[in-house]
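Residue numbers (the working numbering): 1302 to 1632.
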């Protein structure tokens, strides 16, 4: 049996509490078990909850109740109405979860959705979860975001910046770094011995030999050539409008994309329900649902837990694979 997982609270005014309950109901008989790091008061009152002191106790009671490692809120929660006064509790939940994972007490961290805007008002300096996790794990700048589902895995080279800034900051070195982290994770955590990467172009028709932009010629193709020289199974630049068809997806294990929406739109269109955000490049396993806080439907009982369930299941699988790879590593 794998170790239990740490599930963060996320913004308590969003759908995190509701989908946590849905995930517990779906997984309580089969696992993976998780401990909810948050305030029990934000969970719906019609679900059994047990306040626990440690992760071992959480695993023991998971089949009968949601185990909660209490992270008290600072003000009462009204679903759909986020309050920046609770930002410290949201941040503390993430920090505690990472601490447990780094100490080896939990197998992985799974994060409920946060509101970047709410946290920013409270002085949170990071663009999102991904960058904060890199800092907490002592590897700032090395974190890489992947969105994964049974149908597609995508990695954006530039992430939580404007499209204009993404174009200005895209470099061959960034493409290579993201590719190397992705290949390492596909081997270690996803169990693929010979991972294949497809690299998207930036411009329409992948630049059409320079007629529609020169980034493919000057940045992307040289980066691909250097990766190939290192032994990476990689090809491209591929025209972005054709690389996500069923036939095209059969040729690669992950698609390296140049900016956020180029990666996330196809995945969320193809498989939103099973999409999972995975942070690569960390010394811990971290996953999350591929959606946000959904304040507009919070508290209405209509939020679907499918993506969180997929995130918890994938976290359990990745944690198992990583532990197995470490055991197989020669002395």
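Even for Gly, the Cβ is constructed at its ideal location relative to N, Cα and C.
Outcome for residue i when other beta-carbon atoms lying within 10 angstroms are tallied against a minimum of 16
i, result
"residue 1357", "exposed"
"residue 1463", "exposed"
"residue 1352", "exposed"
"residue 1551", "exposed"
"residue 1524", "buried"
"residue 1398", "buried"
"residue 1470", "exposed"
"residue 1546", "exposed"
"residue 1544", "buried"
"residue 1508", "buried"
"residue 1424", "exposed"
For residue i, the first and last residue of its enclosing alpha helix (DSSP H)
i, result
"residue 1356", "1356-1362"
"residue 1523", "1522-1530"
"residue 1389", "1388-1403"
"residue 1482", "1473-1489"
"residue 1419", "1417-1422"
Length of the line joining the Cα atoms of residue i and residue j
i, j, result
"residue 1438", "residue 1534", "29 Å"
"residue 1420", "residue 1375", "14 Å"
"residue 1456", "residue 1559", "8 Å"
"residue 1581", "residue 1569", "19 Å"
"residue 1446", "residue 1475", "13 Å"
"residue 1360", "residue 1368", "8 Å"
"residue 1520", "residue 1472", "6 Å"
"residue 1330", "residue 1364", "6 Å"
"residue 1498", "residue 1479", "11 Å"
"residue 1323", "residue 1602", "10 Å"
"residue 1434", "residue 1390", "16 Å"
"residue 1452", "residue 1565", "13 Å"
"residue 1608", "residue 1514", "37 Å"
"residue 1617", "residue 1379", "32 Å"
"residue 1388", "residue 1517", "42 Å"
"residue 1403", "residue 1314", "28 Å"
"residue 1252", "residue 1347", "Given that the chain is displayed from residue 1302 to residue 1632, the structure contains no residue 1252 and the question cannot be resolved."
"residue 1431", "residue 1444", "7 Å"
"residue 1312", "residue 1531", "43 Å"
"residue 1494", "residue 1344", "41 Å"
"residue 1317", "residue 1549", "35 Å"
"residue 1396", "residue 1409", "13 Å"
For residue i, the three-state DSSP class (helix, strand or coil)
i, result
"residue 1575", "helix"
"residue 1500", "strand"
"residue 1318", "helix"
"residue 1580", "strand"
"residue 1534", "strand"
"residue 1274", "A question about residue 1274 goes unanswered here, because the residues of the chain that appear run from 1302 up to 1632."
"residue 1457", "strand"
"residue 1625", "helix"
"residue 1603", "coil"
"residue 1302", "Confidence at residue 1302 is low in this model, with a pLDDT of 47, below 50, so the placement of that residue is unreliable and no value is reported for it."
"residue 1379", "strand"
Span of the beta strand (DSSP E) around residue i
i, result
"residue 1429", "Unbroken run through residue 1429: none, as it is neither H nor E."
"residue 1469", "Per DSSP, residue 1469 belongs to no beta strand (DSSP E); it is in the alpha helix (DSSP H), 1464-1470."
"residue 1588", "1587-1590"
"residue 1367", "1367-1371"
"residue 1448", "1445-1449"
"residue 1306", "1306-1309"
"residue 1350", "1350-1352"
Contact with chain B by residue i, beta-carbon distance below 9 Å
i, result
"residue 1433", "Chain labels in this structure do not include chain B; a single protein chain is all it has."
Every unbroken beta strand (DSSP E) inside the region 1534-1564 [3 residues or more]: Given a length threshold of 3 residues, each whole run of the beta strand (DSSP E) inside the region 1534-1564 is given here in chain order: 1534-1539 and 1555-1558.
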